[in-house]
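Residue numbers (the working numbering): 266 to 340. Reviewing the structure listed below.
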């Protein structure tokens with residue numbers, strides 16, 4: 266069964282593909298980056314590299330059901 270089809274938050278996020286967003290998960294993690302796509306009950310976020318602590322540029326995938334809220338980062 267695809268419960269995510271009724272997930273209004275994920276459906277709303279689709280309209281922000283290609284924009285910079287900040288996602289807060291239900292466990293309290295914050296993920297920031299460019300929203301690549303919303304597909305198959307998950308979102309793909311391209312996170313930029315960081316210098317401290319050093320993290321390379323990476324693609325992060327989060328299940329829609331794990332997302333508490335999101336914000337669009339305005340230019």
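Each residue gets a CB set at the ideal place from its N, CA and C atoms; glycine is no exception. Everything numeric in this text was worked out from a predicted model, so none of it was measured.
Bounding residues of the alpha helix (DSSP H) (the contiguous stretch that carries residue i)
i           : result
residue 339 : No alpha helix (DSSP H) holds residue 339; DSSP gives it neither H nor E.
For residue i, three-class secondary structure by DSSP
i           : result
residue 282 : coil
residue 299 : strand
residue 312 : strand
residue 276 : helix
residue 330 : helix
residue 292 : coil
Exposure of residue i, with buried meaning 16 or more beta-carbon neighbours within 10 Å
i           : result
residue 293 : exposed
residue 283 : exposed
residue 288 : buried
residue 303 : buried
Residue i - containing beta strand (DSSP E), residue span
i           : result
residue 322 : Residue 322 -> no beta strand (DSSP E), and no H or E assigned at all.
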